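Numbering (the numbering used here), first residue to last: 5 to 300.
All C-beta atoms, glycine included, are put in the ideal place defined by N, C-alpha and C.
As the structure is a computational prediction, the values presented were derived from the model and not from experiment.
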């Protein structure tokens with residue numbers, strides 16, 4: 005079981021903020037304010053309650069639940085990711101494209117509109133059902149990334165968005181991407197940035213019985229992607245790490261120590277310690293976007 009406690013999250017934010025101050029990014033006043041705030045947090049009755057035990061939920065079960073709300077507004081990660089990915093896609097000629105881990109067809113529809121013949125693959129039947137409704141002109145198949153239901157040298161483009169963080173190892177799926185790509189084909193990947201994952205940015209759902217559950221989230225560093233890609237003849241064309249800019253001095257006053265339900269953690273918690281939270285996320289990458297091209 006995974007144990008999550010709002011006080012632990014907030015103390016973690018304070019600790020990271022203090023480390024940034026220790027490295028010279030913030031002054032004595034900021035440091036002393038963090039120490040005072042830590043004492044306040046430790047003394048707060050609202051934060052003294054028990055934490056929550058959550059189970060690890062696999063992606064098939066997790067996305068079965070998440071499919072009902074995945075397309076609803078409010079996912080700020082998509083707002084950052086889509087402009088970068090689409091800028092890369094706009095420069096590529098139409099062809100046969102694979103949207104791997106296509107989900108509800110967010111990128112599938114864009115690729116169809118760009119003139120591609122698109123095959124969407126996902127391991128969640130519920131997400132695929134929504135994708136079929138959303139993009140009737142694409143072809144969809146239920147399959148795992150480790151066993152793509154396509155022949156060798158079949159597509160000109162592979163797009164895989166916000167999915168690889170769920171996998172413990174990148175090499176097997178990169179091998180599948182390279183297998184189905186034609187020589188000279190393109191691979192465009194977006195993924196949760198490992199720095200965000202380290203700060204608790206992990207997808208959460210309620211299980212079928214209403215119990216808290218967390219989807220798998222692994223921290224893939226730049227070297228992990230490169231070690232998976234380069235031996236296959238996938239060469240880097242571009243790498244972007246969109247960053248958040250927040251001024252800790254303008255973070256505003258601390259909110260009341262009302263933690264809210266587990267379902268809103270960790271997003272509801274930074275307002276309790278806004279200056280520390282701002283210092284932590286300032287200039288931190290939100291996600292990573294890779295563009296590779298397979299050797300001719």
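When DSSP states are grouped into helix, strand and coil, residue 56 belongs to the strand group. Residue pairing by DSSP leaves residue 198 without any beta bridge partner.
Burial is judged here by how many other beta carbons sit within 10 angstroms of a residue's own beta carbon; residue 73 has fewer than 16 and is exposed.
For residue 126, the uninterrupted beta strand (DSSP E) run begins and ends at 121-126, by DSSP.
Scanning 251, 233, 88 for the CA closest to the CA of residue 225 turns up 233.
According to the DSSP assignment, residue 293 belongs to the beta strand (DSSP E) that extends over 291-298. The beta carbon of residue 50 is closer than 6 Å to those of 261 in its chain, skipping five residues each way along the sequence. In the DSSP assignment, no residue is bridged to residue 67. Non-local C-beta neighbours of residue 297 in its own chain, meaning closer than 6 Å and more than five positions away in sequence, comprise 190, 239, 241, ordered along the chain.
Counting only runs that start and end inside the segment 240-292, the alpha helix (DSSP H) elements of at least 4 residues fall at 278-285. A direct Cα-to-Cα measurement between residue 31 and residue 41 gives close to 16 Å.
DSSP places residue 217 outside any alpha helix (DSSP H); the residue lies instead in the beta strand (DSSP E), whose first and last residues are 216-218. For the pair residue 192 and residue 259, the Cα-to-Cα distance works out to about 40 Å. Here DSSP, grouped into helix, strand and coil, assigns residue 167 to coil. Apart from sequence neighbours up to five positions away, the residues of its chain that approach residue 69 with a beta-carbon distance below 6 Å are 209, ordered along the chain.
Rounded to whole angstroms, the gap between the alpha carbons of residue 37 and residue 88 is 37 Å. In this structure, DSSP gives residue 189 an extended state, which the three-state scheme calls strand.
Counting of Cβ neighbours within 10 angstroms places residue 59 among the exposed residues, the total staying below 16. Inclusion of residue 277 and residue 22 in the CB contact set at 7 Å is not warranted, their separation being larger than that value.
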